[in-house]
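Visitor: So that we are looking at the same thing, I have put the structure below in structure tokens.
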Amino acid sequence: MRSLRTGSSLAALVTGAALLFTAPAAHAADSPLRDLAAARGKVIGTAVTGAKLTGTYGDIAGSQFSSLTPGNAMKWGTVEPTQGSFNWTEADQIVAFAQAHNQQVRGHTLVWHNQNPSWLTNGSWTPTQLSGLLQNHISTEVGRYKGKIAAWDVVNEPFNEDGTYRSTLWYDNLGADYIANALTWAHAADPGAKLYINDYNVEGVGAKSTALYNLVKDLKSRGVPIDGVGLQAHLVLGQVPATLQQNIQRFADLGVDVAITELDVRMALPADSAKLAQQAADFKSVVAACAAVTRCAGVTVWGFTDSDSWVPSTFPGYGAATPYDENYAPKPAYFGIAQALGGTTTTPPPPTGACSATYSVTSQWNTGFTGQVTIACSGASLSSWKANWTFGAGQKITQSWNATCAQSGTAVSCANAPYNGSVPDGSSVSFGFNGSWSGSNPVPTVTLG
Ligand code: G2I
4 MRSLRTGSSL
14 AALVTGAALL
24 FTAPAAHAAD
34 SPLRDLAAAR
44 GKVIGTAVTG
54 AKLTGTYGDI
64 AGSQFSSLTP
74 GNAMKWGTVE
84 PTQGSFNWTE
94 ADQIVAFAQA
104 HNQQVRGHTL
114 VWHNQNPSWL
124 TNGSWTPTQL
134 SGLLQNHIST
144 EVGRYKGKIA
154 AWDVVNEPFN
164 EDGTYRSTLW
174 YDNLGADYIA
184 NALTWAHAAD
194 PGAKLYINDY
204 NVEGVGAKST
214 ALYNLVKDLK
224 SRGVPIDGVG
234 LQAHLVLGQV
244 PATLQQNIQR
254 FADLGVDVAI
264 TELDVRMALP
274 ADSAKLAQQA
284 ADFKSVVAAC
294 AAVTRCAGVT
304 VWGFTDSDSW
314 VPSTFPGYGA
324 ATPYDENYAP
334 KPAYFGIAQA
344 LGGTTTTPPP
354 PTGACSATYS
364 VTSQWNTGFT
374 GQVTIACSGA
384 SLSSWKANWT
394 FGAGQKITQS
404 WNATCAQSGT
414 AVSCANAPYN
424 GSVPDGSSVS
434 FGFNGSWSGS
444 NPVPTVTLG
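Sequential numbering of the sequence shown, starting at 4, is according to the numbering used here.
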């Protein structure tokens with residue numbers, strides 16, 4: 004029973020699962036990732052979308068991670084869409100959520116060539132004006148969150164692949180010193196925040212990471228406030244650079260912190276068990292490389308669920324790049340991270356000879372929510388089904404689809420629709436519902452009958 008009980012600590016956060024026929028070993032992680040990371044003095048973070056921070060997404064973001072990075076909410080184009088007119092709504096929301104969950108915030112990002120407001124990119128500015136705009140932007144944003152941001156990605160993606168400076172609005176008009184100035188202005192606005200330069204394809208030793216290394220060395224020798232480098236780590240399956248740990252170590256030896264800031268590992272779709280196992284090994288080796296170097300502060304994943312990842316829209320045909328699947332079930336990659344942080348649990352074997360039901364809250368608002376139950380069979384099959392559960396906090400089903408649901412008091416029973424009673428071996432069916440809630444909306448355990 005021990006494995007089932009320890010499994011429930013994670014499962015209760017994520018899903019309610021019930022098994023018919025044979026119970027598989029439910030080797031979910033024994034501790035949340037954030038506790039495993041904290042025990043090693045590391046931070047484990049995720050990029051988030053503010054509007055999604057409710058229901059199961061909010062539960063996982065708040066319980067598994069010790070740091071949040073706003074995926075888009077703090078970018079210049081988001082916070083100042085019209086010159087002088089600010090929208091801090093999503094950024095404030097994420098910072099408040101983080102504080103409520105005792106999490107750090109990684110501010111992202113102040114100086115970049117993407118996602119700038121059109122008034123800025125379409126304007127024609129003298130270098131002096133542009134420099135003034137940048138200083139004002141940094142002072143305003145860093146000042147607003149003074150004391151609330153652990154680390155800022157001050158400058159994002161300044162280099163080309165060959166290690167030369169990228170031609171941008173900033174470099175072309177202000178020269179390379181836009182970087183030193185941005186760091187200096189950020190430090191003035193919040194002397195307590197750690198200030199980073201962040202880039203991609205700088206994970207292994209190479210021309211681009213060496214350019215970053217030389218820049219940091221130069222900045223330090225000039226007394227410019229630079230605390231760390233962010234290695235984004237948008238990786239391709241099976242391609243973790245062999246020199247990752249060595250590269251982290253050389254920055255540490257230079258006297259700066261290192262963070263893995265945007266880890267994901269994309270694969271050609273569809274995913275299969277071999278690819279997911281390779282992905283677990285990749286996540287594990289990246290986290291292990293950070294864990295091995297004292298000055299590596301931690302690892303942030305760029306979205307924790309495949310339903311909230313930039314990959315599929317940017318790389319058509321690729322995806323499944325994060326540690327949780329689209330239904331918020333932890334993937335082998337989740338367990339790879341846990342293992343690298345000293346967790347002792349292993350990847351759960353797929354259920355054998357069983358059909359199981361998994362409940363998740365896919366969205367939630369002030370009085371209502373949408374839920375989904377997926378019934379999956381492996382080594383077994385069903386020709387009809389009923390999913391039953393008890394609502395523990397007064398929730399009421401108001402509408403359902405792909406099943407006929409009845410509620411009597413707290414007891415809910417949903418029977419298959421005429422067209423989806425059959426669940427062959429190796430397949431799954433899902434149904435959805437809307438419900439009302441107040442106070443809390445805990446995830447129930449579903450039994451099949
Ligand atoms: O591109 C991946 C990341 C590379 N490093 C810097 C990160 O800031 C960057 O994040 C991504 C976001 O995850 C995406 O969500 O940056 C993209 C833009 O370069 C973001 O994509 C944008 C879409 O392009 C917009 O169409 C969309 O309106 O996200 C916006 C908000 O969903």
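From the three backbone atoms N, C-alpha and C, an ideal C-beta is built for every residue, glycine too.
Determine the extent of the beta strand (DSSP E) in which Q367 is found, giving its start and end residues.
Guide: What you label residue 367 is simply residue 364 of the sequence shown in a count that begins at 1. Where Q367 is concerned, the enclosing beta strand (DSSP E) stretches over A357 to Q367.
Visitor: So if DSSP puts T72 in a beta bridge, which residue, or which two residues, is it bridged to?
Guide: Along the sequence shown, read from residue 1 onward, the residue named residue 72 stands at position 69. DSSP lists A50 as partners of T72.
Visitor: G2 to D175, Cα distance in whole Å?
Guide: Outside the modelled stretch of the chain, which goes from 4 to 452, sits residue 2, for which no answer is possible.
Visitor: Mind checking whether the beta-carbon of Q118 lies closer than 7 Å to any heavy atom of the ligand G2I?
Guide: Position 115 of the sequence shown, counted from the first residue, corresponds to residue 118. Indeed, a heavy atom of the ligand G2I lies less than 7 Å from the Cβ.
Visitor: Pop quiz: D193 and K149 are said to be a contact at Cβ under 8 Å. What is the actual Cβ separation, rounded to whole angstroms?
Guide: Numbered from its first residue, the sequence shown carries residue 193 at position 190. Numbered from its first residue, the sequence shown carries residue 149 at position 146. Confirmed, Cβ separation roughly 4 Å.
Visitor: Please confirm whether A103 has its beta-carbon closer than 8 Å to some beta-carbon of chain B.
Guide: The chain labelled as chain B is not found in the depicted structure, where only one protein chain is given.
Visitor: Please return the same chain residues whose Cβ sits closer than 6 Å to the Cβ of V364, not counting the five positions on each side in sequence.
Guide: On the sequence shown, position 361 is the one that residue 364 refers to. Closer than 6 Å at Cβ, skipping near neighbours: G58, T59, F372 and G374.
Visitor: Which same chain residues end up closer than 6 Å to M270 when comparing Cβ atoms and leaving out the 5 residues on each side of it in sequence?
Guide: The residue given as residue 270 occupies position 267 in the sequence shown. The residues are L240, K278 and A323.
Visitor: Going by alpha carbons, who is nearest to D273 out of W188, C299, G412 and D328?
Guide: Taking the first residue of the sequence shown as 1, we reach residue 273 at position 270. The sequence shown places Pro at residue 273, not Asp. Taking only the C-alpha atoms, the option nearest P273 is D328.
Visitor: State the Cα-Cα distance for the pair R109 and A154, rounded to the nearest angstrom.
Guide: If you number the sequence shown from 1, residue 109 lands on position 106. If you number the sequence shown from 1, residue 154 lands on position 151. Computed Cα separation, rounded: 5 Å.
Visitor: Among the candidates D156, K334, K211 and A210, whose CA atom is the shortest distance from the CA of A185?
Guide: Within the sequence shown, residue 185 is the residue found at index 182, counting from 1. Nearest option by C-alpha distance: D156.
Visitor: Could you please give me the residues that DSSP links to L215 through a beta bridge?
Guide: Within the sequence shown, residue 215 is the residue found at index 212, counting from 1. Bridge partners of L215: none, in fact.
Visitor: If you draw a straight line from the alpha carbon of G442 to that of G135, how long is it in whole angstroms?
Guide: Looking up residue 442 in the sequence shown gives position 439. Looking up residue 135 in the sequence shown gives position 132. Distance between the alpha carbons of G442 and G135: 48 Å.
Visitor: Which class does G87 belong to by DSSP, given the choice of helix, strand or coil?
Guide: The residue labelled residue 87 in the question sits at position 84 within the sequence shown. Residue state, collapsed to three classes: coil.
Visitor: How big is the Cα-Cα spacing for A214 and G65?
Guide: Taking the first residue of the sequence shown as 1, we reach residue 214 at position 211. Taking the first residue of the sequence shown as 1, we reach residue 65 at position 62. Looking at the two C-alpha atoms, the distance is approximately 36 Å.
Visitor: Go to Q410, then tell me how far its alpha helix (DSSP H) extends in each direction, as first and last residue.
Guide: Position 407 of the sequence shown holds residue 410. Run containing Q410: none in the alpha helix (DSSP H); it sits in the beta strand (DSSP E), A406 to S411.
Visitor: Compute every distance between the C-beta of H140 and the non-hydrogen atoms of the ligand G2I, then say whether any falls below 7 Å.
Guide: For the purposes of this step, residue 140 is identified with residue 137 of the sequence shown, where counting begins at 1. Not under cutoff, so the answer is no.
Visitor: Taking the DSSP output, what are the residues bridged to T131?
Guide: Along the sequence shown, read from residue 1 onward, the residue named residue 131 stands at position 128. Beta-bridge pairing links T131 to no other residue.
Visitor: For the ligand G2I, is there a heavy atom less than 7 Å away from the beta-carbon of H104?
Guide: Here residue 104 corresponds to residue number 101 of the sequence shown, with the count starting at 1. Because no heavy atom of the ligand G2I lies under 7 Å away, the Cβ of H104 does not count as near it: no.
Visitor: Quick check on this structure: which residue in A42, A50, C417 and G61 has the alpha carbon closest to the alpha carbon of T303?
Guide: Position 300 of the sequence shown, counted from the first residue, corresponds to residue 303. Ranking the options by Cα distance to T303, first place goes to A50.
Visitor: Tell me the start and end of each unbroken beta strand (DSSP E) in the segment 235-305 that is at least 3 residues and wholly inside, in chain order.
Guide: 237-239, 260-271 and 299-304, all fully within the segment 235-305.
Visitor: Mind pulling the alpha helix (DSSP H) runs of 4 or more residues that sit fully within the segment 106-154?
Guide: Counting only runs of 4 or more, we get 121-124 and 130-147.
Visitor: What's the call for G226, buried or exposed, on a 16-neighbour Cβ count within 10 Å?
Guide: Reading the sequence shown from its first residue, position 223 is the one you call residue 226. Under this definition G226 is an exposed residue.
Visitor: Report the three-state DSSP secondary structure of S441 (helix, strand or coil).
Guide: By 1-based counting over the sequence shown, the position of residue 441 is 438. It is a strand residue.
Visitor: Measuring alpha carbon to alpha carbon, tell me which of A236, N204, F68 and A390 ends up nearest H104.
Guide: Stepping through the sequence shown from its first residue, residue 104 is reached at position 101. Ranking the options by Cα distance to H104, first place goes to F68.
Visitor: My assumption, with CB atoms under 8 Å, is that A262 sits in contact with A300. Please give the rounded CB distance.
Guide: For the purposes of this step, residue 262 is identified with residue 259 of the sequence shown, where counting begins at 1. For the purposes of this step, residue 300 is identified with residue 297 of the sequence shown, where counting begins at 1. Confirmed, about 5 Å.
Visitor: Can you tell me the Cβ-Cβ gap for N437 and Q398, rounded? I've got them flagged as a contact below 8 Å.
Guide: Within the sequence shown, numbered from 1, the residue matching residue 437 stands at position 434. Within the sequence shown, numbered from 1, the residue matching residue 398 stands at position 395. No, N437 and Q398 are not in contact; Cβ-Cβ is about 11 Å, not under 8 Å.
Visitor: Looking at C-alpha atoms only, which residue of V158, A283, L177 and A191 is the closest neighbour of L218?
Guide: As a first step, residue 218 is located in the sequence shown; it is residue number 215 there, counting from the start. Among V158, A283, L177 and A191, the Cα nearest to that of L218 is on V158.
Visitor: Give me, in chain order, the residues of the same chain whose beta-carbon lies closer than 7 Å to that of A76; leave out the 5 immediate sequence neighbours on both sides.
Guide: For this step, residue 76 is matched to residue 73 along the sequence shown. Only G53, E93, A94 and I97 meet the Cβ criterion.
Visitor: Looking at V376 and V3, is the spacing between their C-beta atoms short of 8 Å?
Guide: This structure cannot speak to residue 3, because the chain is shown only from 4 to 452.
Visitor: Would you identify the three-state DSSP class for A29, choosing helix, strand or coil?
Guide: What you label residue 29 is simply residue 26 of the sequence shown in a count that begins at 1. Residue placement at A29 cannot be trusted, given a pLDDT of 37 that sits under 50; the coordinates are not used to answer.
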